[in-house]
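Residue numbers (numbering that gives the first Met the number 0), protein chains in the order written: chain A, 0 to 308; chain L, 0 to 308.
Think of the CB as a built atom: it goes at the ideal place given N, C-alpha and C, for glycine as much as any other residue.
2 protein chains.
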Amino acid sequence: MINKLTEKIRKTHAPICVGLDPMLSYVPKQVQETAFKEYGETLEGAAEAIWQFNKAIIDATYDLIPAVKPQIAMYEQFGIPGLVAFKKTVDYCKEKDLVVIGDIKRGDIGSTSSAYAVGHLGKVQVGTKEYAGFDEDFATVNPYLGSDGVNPFIDICKKEKKGLFILVKTSNPSSGEFQDQLINGRPLYELVGEKVAQWGADCMGDEYSYIGAVVGATYPEMGKVLRKIMPKSYILVPGYGAQGGKGKDLVHFFNEDGLGAVVNSSRGIIAAYKQEQYAEFGEANFADASRKAVETMVADIDGALTALK
Amino acid sequence: MINKLTEKIRKTHAPICVGLDPMLSYVPKQVQETAFKEYGETLEGAAEAIWQFNKAIIDATYDLIPAVKPQIAMYEQFGIPGLVAFKKTVDYCKEKDLVVIGDIKRGDIGSTSSAYAVGHLGKVQVGTKEYAGFDEDFATVNPYLGSDGVNPFIDICKKEKKGLFILVKTSNPSSGEFQDQLINGRPLYELVGEKVAQWGADCMGDEYSYIGAVVGATYPEMGKVLRKIMPKSYILVPGYGAQGGKGKDLVHFFNEDGLGAVVNSSRGIIAAYKQEQYAEFGEANFADASRKAVETMVADIDGALTALK
């Protein structure tokens, strides 16, 4: 799957993913109303609204991008119907040949981590049969529990040719509370980054490892250091746009081959129609605004990378 | 909810919770066959099997215990049908007036953490209506992302009178890889413990804070230190029995009032019928074996606490 991601990034010149994190407040009133008309103001109605919203955005952008990153929390908040919409979204993106990064930030130990890995990346045994529960291509994983938490995910990735992005340095303001604490003079996130490199060494695709890392766009200096610590790992970079990052700040997340990072934008793409610069599209054409926002983002990042050459 | 937990622990003399973490391999063949007969060897069949298994164990133990801790991973591995079984389990336990600790180990930032908190502990707004997605009483939370990740959960707990158990020192062998790293001479888990105490200070029930911590039974010495760092926080203690902990090793997780900790056992209770000491019950009477295992566990822990007095 890491080879597919690399190949699609080369083809699209778009080292980005679209964060499908639909707050109900992002969904245009008309889409909500149509859904509520059919299902009422229910969890099913909300799930239908976000699914239709996602579908329109996927249809408008899939040819421009290699990958999407649905954030499962935004679906889980609507209970079972929300998770049904998550699954529909994952399945639809795969139909469109997009690489699907499940932003699930799971992490537990032993058989429990195995269960998450099986549910999201693998297949579960039921009697003589096997089934995939959610079937994303990559998943994000929280490393706080150590190797016991990560290895069960890696085992499933090896078997299924899938991949992980492990939280190293997150994009939020308070990420330093624990992640920046110095251990023998070096921050914890560097230690975690070294572990990612170790875990990844045994998990190589053609050029890159399928064990990657999450490093926030909001910390470009740390990204520069982590890039060197994990040379063969893809870095998933959240925090572009809405959280403050810009293309030129992100060049050091990439390797000299122009690869090795995938920059996520969620709100900046899916709620583009709410921004002044895309207001001309109007609420009804929200998906066209998203397409334009993707084009702008790709030009920003690809431009910054090209300027380096 | 923390007051209810304390009150129920006082009443039952059982500072324990039963971990409803049903691997399909724990479910007696006959229960599986009945479920597969109705639904086939499908995800729905697996979900029905674990739900019937849970229900029998709940019916056989609910009068002895204050709380249960369903581990969502074990349901999530069966996709949507598995999560439906999780919800049925939560709802049924609440009908039986049990305190439900959702072992979800979620953690993200800002609006994403809010979405998890809303989905598991709060209510989500849909148009003019509000709905609870999963509606547990407590949830476990991963602290790696710092206050930005935890505060949205705390906000919902304040509003809904619910609670959290934040991962501090987990029970697994490799938990030390990051959690034990020394920061100015003190391990990271102590730093996280101090944060739990801070977060909890503003969230007091009658006697205890509703912001608690997870500290593994397998690390009793660390539990002793953490008990003092977080005097007002309940400690959820996994790792009893199957993972190695015993009642006498756990007394220092409690305060002098005999409260402040809730010890979890999963396999040791729900798969008791597979152990030699409960073999007399036979597979068909698996729930009676679970009841006996609860009684044994309560006697072990309550006995160890009484011996201290």
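Tell me, to the nearest whole angstrom, how far the beta carbon of residue i is from that of residue j; I am working on the premise that it is less than 8 Å.
i                 : j                 : result
VAL261 of chain A : PRO237 of chain A : Not really, about 10 Å apart at Cβ, beyond 8 Å.
LEU120 of chain L : GLU159 of chain L : 6 Å
CYS16 of chain L  : VAL67 of chain L  : 6 Å
PHE177 of chain A : TYR143 of chain L : 6 Å
MET73 of chain A  : PRO151 of chain A : That belief does not hold up - the Cβ atoms of MET73 of chain A and PRO151 of chain A are roughly 25 Å apart, past 8 Å.
ILE79 of chain L  : ILE79 of chain A  : 7 Å
TYR91 of chain L  : LYS54 of chain L  : 6 Å
THR139 of chain L : LYS95 of chain L  : With a Cβ gap of about 21 Å, THR139 of chain L and LYS95 of chain L do not count as contacting.
VAL98 of chain A  : ALA45 of chain L  : So it is not a contact: roughly 28 Å between Cβ atoms.
For chain A, find out if any of its Cβ atoms is closer than 8 Å to the Cβ of residue i; answer yes or no.
i                 : result
VAL83 of chain L  : yes
LEU249 of chain L : no
ASP287 of chain L : no
GLN70 of chain L  : yes
TYR130 of chain L : yes
PHE77 of chain L  : yes
TYR61 of chain L  : no
HIS304 of chain L : According to the sequence as given, residue 304 of chain L is Leu; it is not His. So, not an interface residue.
ILE100 of chain L : no
GLY267 of chain L : no
ASP256 of chain L : no
GLY106 of chain L : yes
MET221 of chain L : no
MET0 of chain L   : no
Tell me which residues share the same chain as residue i and place their Cβ nearer than 8 Å to its Cβ, disregarding the 5 neighbours each side in the sequence.
i                 : result
TYR25 of chain A  : PHE52, ARG266, ILE269, ALA270, LYS273
TYR130 of chain L : LYS122, VAL123
SER232 of chain A : VAL195, ALA196, GLY199, TYR207, SER208, ILE210, GLY211, ALA212, GLY259
ASN284 of chain L : TYR272
GLU282 of chain L : PRO27, LYS28, GLN29, TYR272
Report yes or no: is there a C-beta of chain L within less than 8 Å of the C-beta of residue i?
i                 : result
ILE182 of chain A : yes
SER208 of chain A : no
PHE133 of chain A : yes
ILE153 of chain A : no
VAL123 of chain A : yes
ALA278 of chain A : no
THR217 of chain A : no
SER110 of chain A : yes
GLU40 of chain A  : yes
LYS54 of chain A  : no
ALA114 of chain A : yes
ASP136 of chain A : no
Quick one: using the 10 Å Cβ neighbour count with 16 as the cut-off for buried, is residue i buried or exposed?
i                 : result
ARG185 of chain A : exposed
GLY148 of chain A : buried
GLU43 of chain L  : buried
LYS223 of chain L : exposed
THR60 of chain A  : buried
PRO27 of chain A  : buried
GLN321 of chain L : Because chain L is modelled from 0 through 308, residue 321 of chain L falls outside the range shown and cannot be assessed.
GLU255 of chain L : exposed
Using a Cβ-Cβ cutoff of less than 7 Å, which residues in the same chain neighbour residue i once the five nearest sequence positions on both sides are dropped?
i                 : result
VAL167 of chain L : TYR188, VAL191, GLY192, VAL195, ALA212, VAL213, VAL214, LEU225
ILE300 of chain L : PRO14, ILE15, GLY246, LEU249, VAL262
THR11 of chain A  : LEU63, ILE64, PRO65
THR5 of chain L   : GLU206, TYR207, LEU258
LEU82 of chain L  : TYR74, GLU75
PRO310 of chain L : Nothing can be reported for residue 310 of chain L, as the shown portion of chain L is limited to 0 through 308.
Report the three-state DSSP secondary structure of residue i (helix, strand or coil).
i                 : result
LEU19 of chain A  : coil
VAL98 of chain L  : strand
VAL26 of chain A  : coil
ASN263 of chain L : strand
LYS86 of chain A  : helix
THR139 of chain A : strand
PHE253 of chain A : coil
GLU129 of chain A : strand
GLN70 of chain L  : strand
SER208 of chain L : strand
ILE8 of chain L   : helix
GLN76 of chain A  : coil
PRO219 of chain A : helix
PRO151 of chain A : helix
LEU163 of chain L : strand
LEU42 of chain A  : helix
Near residue i, what residues of its chain come up, given a Cβ to Cβ distance below 6 Å and the 5 sequence neighbours on each side ignored?
i                 : result
MET221 of chain L : LYS168
PHE280 of chain L : TYR272, ASP287, ALA288
GLY240 of chain A : SER264, GLY267
ILE56 of chain A  : ILE269, ALA286, SER289
ASP179 of chain L : PRO186
ILE165 of chain A : VAL140, PRO142, VAL195, ALA212
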